[in-house]
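The structure appears right after this line, and notes come after that.
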Amino acid sequence: MTGSVRFVLGGRVVEVRDADPTTTVLNWLRANGRPGSKEGCAEGDCGACTVVLGDLAPDGRLLYRAVNACILFLPMIDGKLLLTVEDLAGEDGDLHPVQAAMVDKHASQCGFCTPGFVMALFALHHQGRATDGSGLTDGAIHDALAGNLCRCTGYRPILDAARTMMAERAEDRFDRAEEGIATVLRSIRRDGPLTMTHGAASFHAPRSVDELATLFAAHPNATLVAGATDVGLWVTKQGRSLPTLIHLAQVRELRRIDEGADALEVGAAATYTDLLPVLERRIPELAALVTRIGAAQVRNSGTLGGNVANGSPIGDSMPALLALGASLVLNRSGVRRELPLDRFYHGYRKNDLKPGEFVERIRIPLPREGQRFATWKVSKRRDQDISAVCAAFLVTLDGEGQVAALRAGYGGMAATPARAPALEAALVGQPWTADAVAAAMPALDRDFRPMTDMRASDRYRALVAKNLLMRFLLHTTGGELPSLEAVHG
Ligand SMILES: Cc1cc2nc3c(=O)[nH]c(=O)nc-3n(C[C@H](O)[C@H](O)[C@H](O)COP(=O)(O)OP(=O)(O)OC[C@H]3O[C@@H](n4cnc5c(N)ncnc54)[C@H](O)[C@@H]3O)c2cc1C
Ligand code: FES
Ligand code: FES
Numbered sequence: 318m319t320g321s322v323r324f325v326l327g328g329r330v331v332e333v334r335d336a337d338p339t340t341t342v343l344n345w346l347r348a349n350g351r352p353g354s355k356e357g358c359a360e361g362d363c364g365a366c367t368v369v370l371g372d373l374a375p376d377g378r379l380l381y382r383a384v385n386a387c388i389l390f391l392p393m394i395d396g397k398l399l400l401t402v403e404d405l406a407g408e409d410g411d412l413h414p415v416q417a418a419m420v421d422k423h424a425s426q427c428g429f430c431t432p433g434f435v436m437a438l439f440a441l442h443h444q445g446r447a448t449d450g451s452g453l454t455d456g457a458i459h460d461a462l463a464g465n466l467c468r469c470t471g472y473r474p475i476l477d478a479a480r481t482m483m484a485e486r487a488e489d490r491f492d493r494a495e496e497g498i499a500t501v502l503r504s505i506r507r508d509g510p511l512t513m514t515h516g517a518a519s520f521h522a523p524r525s526v527d528e529l530a531t532l533f534a535a536h537p538n539a540t541l542v543a544g545a546t547d548v549g550l551w552v553t554k555q556g557r558s559l560p561t562l563i564h565l566a567q568v569r570e571l572r573r574i575d576e577g578a579d580a581l582e583v584g585a586a587a588t589y590t591d592l593l594p595v596l597e598r599r600i601p602e603l604a605a606l607v608t609r610i611g612a613a614q615v616r617n618s619g620t621l622g623g624n625v626a627n628g629s630p631i632g633d634s635m636p637a638l639l640a641l642g643a644s645l646v647l648n649r650s651g652v653r654r655e656l657p658l659d660r661f662y663h664g665y666r667k668n669d670l671k672p673g674e675f676v677e678r679i680r681i682p683l684p685r686e687g688q689r690f691a692t693w694k695v696s697k698r699r700d701q702d703i704s705a706v707c708a709a710f711l712v713t714l715d716g717e718g719q720v721a722a723l724r725a726g727y728g729g730m731a732a733t734p735a736r737a738p739a740l741e742a743a744l745v746g747q748p749w750t751a752d753a754v755a756a757a758m759p760a761l762d763r764d765f766r767p768m769t770d771m772r773a774s775d776r777y778r779a780l781v782a783k784n785l786l787m788r789f790l791l792h793t794t795g796g797e798l799p800s801l802e803a804v805h806g
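At position 487 of the sequence shown the residue is numbered 804 (the numbering used here), and the sequence of numbers has no breaks.
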């Protein structure tokens, strides 16, 4: 056994040497005298296990982010501050303002979900201060709590507690201790890679893309893990053993997001939360879609690179990336190649990556003058749900209002996220009108033969895929909805 994970917990630096690298933070906490965080689902869905990670931003500010401890591997919190519900009350037993608001508003009954809600609200409390506390809306509160389920209190009292907490936004002892916390975090910061072994298992966290390339070439059978919002479930739900893990979140180049005049270059390990402000400025339609991926806890860990590489047929970023003409910069032993995303998938969860090759960056062209883009996800719930169908469109119109080019990306319709070539061809050269769109819709039946599963029937999927195209037309033209008969006969 070599190497140790260091993090700050309960006001001191904790060093763990003897844990299997796939031990989850939740299991470690509960086995080490901190049973406050609960296990509800062990798959990132219910929020009962929510803890908060504190980390230093590049500008030195302390950022607090809520994450699901049930699917987070312990070595992934190396160098961070870990806060659980046990940390919030002061030593004299004074409740934290978040806890006090929950009590005042009677926001807890059986209490099983409460630690998770409290921690999600604690993160919001600090996020509010980092931006503009006064500007936080109900929407921000809903977003912060969408990953937390409560079976018995009902949400109104919890929302009341959140509103009270935000309205009164009192300074807390973490605000006052910020400098001290930052100093401790700087003291455990690592310059070099972390390597930890436990029996035959090993965990590696390289710091640079060159270190990563060399390491992965030496261990081509290793499992890459970025946020573990997919990989975590392989362990907690499928009981898989992952003997060699290479963690990507500390690779600085993979966290970078570069904004060019024509394209965004997104490092594969940038989290959705880091990406969102950039998308809000540059591709707001995609930002809106990203707020529908999981919930805050998932977006704080999950990455665009993980979504693309995982290649799930219902992965939500890929239809948009396909429509926008995104490409992947792949790296194998330091040799790079660029591949359009529409040539990356070969079949159900099969992709073009060679052994030892990884996704380094995702290049996303920005919609140009004369192009319109939109993407929509259709699922049974707004938040924290899996798509039945997700669609994205990029249309280029010529001077006469005719379709010069159309790119359509769909998820939930085939074994992989895919473009719709028959539909695209059917619309090129046509006027961008409801009649032309209605006439082209049957082409989608040649592109896709969707399946029936518990989320949706094949007929529903086929119909929604067409309706989303019509929605895009209306969205771009402000036109009237044609009668259903005219559209579907
Ligand atoms: C509760 C919950 C809700 C979710 N909701 C949604 C949703 O609404 N929409 C959606 O699309 N997804 C959703 N997901 C799935 C998941 O969050 C996303 O797929 C996410 O983008 C995965 O990113 P990650 O960094 O966590 O990937 P990881 O779990 O770390 O990795 C996923 C896969 O990608 C590989 N990988 C990661 N990075 C690279 C790289 N740079 N190069 C090569 N391979 C790599 C890993 O080896 C693994 O095979 C949800 C997951 C959970 C737990
Ligand atoms: S236990 Fe349900 S999200 Fe972690
Ligand atoms: S108070 Fe019982 S689950 Fe929320």
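Backbone N, C-alpha and C fix where the C-beta goes; we use that ideal spot for every residue, glycine too.
Here the structure is a predicted model, which is why all the values come from computation and not from measurement.
Could you pull the start and end residues of the beta strand (DSSP E) that residue i belongs to?
i, result
"residue 728", "720-728"
"residue 576", "574-576"
"residue 385", "379-385"
"residue 647", "644-649"
"residue 813", "What the structure shows of the chain is the stretch from 318 to 806, and residue 813 is not part of that stretch, so it cannot be assessed."
"residue 266", "With the chain covering only 318 through 806, there is no way to say anything about residue 266."
"residue 491", "Unbroken run through residue 491 is the alpha helix (DSSP H), 490-493; no beta strand (DSSP E)."
"residue 807", "This structure cannot speak to residue 807, because the chain is shown only from 318 to 806."
"residue 329", "329-333"
"residue 336", "Counting along the chain, residue 336 falls outside any beta strand (DSSP E), and DSSP gives it neither H nor E."
"residue 561", "561-564"
"residue 653", "652-657"
Which two residues bound the contiguous alpha helix (DSSP H) that contains residue i?
i, result
"residue 784", "775-794"
"residue 614", "613-618"
"residue 477", "472-485"
"residue 584", "Element bounds for residue 584: not the alpha helix (DSSP H) but the beta strand (DSSP E), 580-584."
"residue 608", "Residue 608 -> no alpha helix (DSSP H), and no H or E assigned at all."
Less than 8 Å between the CB atoms is what I'm expecting for residue i and residue j, so what's the real figure, rounded?
i, j, result
"residue 338", "residue 491", "That belief does not hold up - the Cβ atoms of residue 338 and residue 491 are roughly 29 Å apart, past 8 Å."
"residue 623", "residue 561", "In fact, because the Cβ distance is near 18 Å, the residues do not count as touching under 8 Å."
"residue 323", "residue 404", "Actually they are not in contact, since the Cβ atoms of residue 323 and residue 404 sit about 17 Å apart, beyond 8 Å."
"residue 355", "residue 474", "At roughly 19 Å, the Cβ-Cβ gap does not stay under 8 Å, so residue 355 and residue 474 are not in contact."
"residue 634", "residue 625", "7 Å"
"residue 348", "residue 357", "Actually they do not touch by this definition, with Cβ atoms about 18 Å apart."
"residue 373", "residue 379", "6 Å"
"residue 757", "residue 785", "Going by Cβ atoms, the distance from residue 757 to residue 785 rounds to 13 Å, so no, they are not a contact pair."
"residue 393", "residue 517", "Rounded, the Cβ-Cβ distance is 20 Å, inconsistent with contact."
"residue 651", "residue 527", "6 Å"
Could you tell me whether the Cβ atoms of residue i and residue j are closer together than 8 Å?
i, j, result
"residue 399", "residue 437", "no"
"residue 694", "residue 707", "yes"
"residue 563", "residue 529", "yes"
"residue 787", "residue 754", "yes"
"residue 732", "residue 761", "no"
"residue 709", "residue 781", "no"
"residue 383", "residue 401", "no"
"residue 569", "residue 525", "yes"
"residue 662", "residue 734", "yes"
"residue 678", "residue 604", "no"
"residue 483", "residue 458", "yes"
"residue 336", "residue 391", "yes"
"residue 340", "residue 386", "no"
Going by DSSP in three states, residue i sits in which element: helix, strand or coil?
i, result
"residue 465", "coil"
"residue 688", "strand"
"residue 736", "strand"
"residue 449", "With a pLDDT of 46 at residue 449, under the threshold of 50, the modelled position of that residue is not reliable, and no figure is offered here."
"residue 408", "coil"
"residue 439", "helix"
"residue 663", "strand"
"residue 526", "helix"
"residue 624", "helix"
"residue 320", "coil"
"residue 668", "strand"
"residue 704", "coil"
"residue 389", "coil"
"residue 354", "coil"
"residue 345", "helix"
"residue 519", "strand"
"residue 749", "coil"
Say whether chain D places a C-beta atom closer than 8 Å to the C-beta of residue i.
i, result
"residue 374", "Of the protein chains in the structure, only one exists, and it is not chain D."
Using 8 Å as the Cβ pair cut-off and three pairs as the minimum, do the segment 673-688 and the segment 574-585 touch? yes
Any 3 or more C-beta pairs closer than 8 Å across the segment 491-506 and the segment 472-480: no
Below 8 Å, can you find three or more Cβ-Cβ pairs linking the segment 712-722 to the segment 609-620? no
With three or more C-beta pairs closer than 8 Å as the rule, is the segment 605-613 touching the segment 586-593? yes
At least 3 beta-carbon pairs within less than 8 Å: the segment 659-677 vs the segment 531-540: yes
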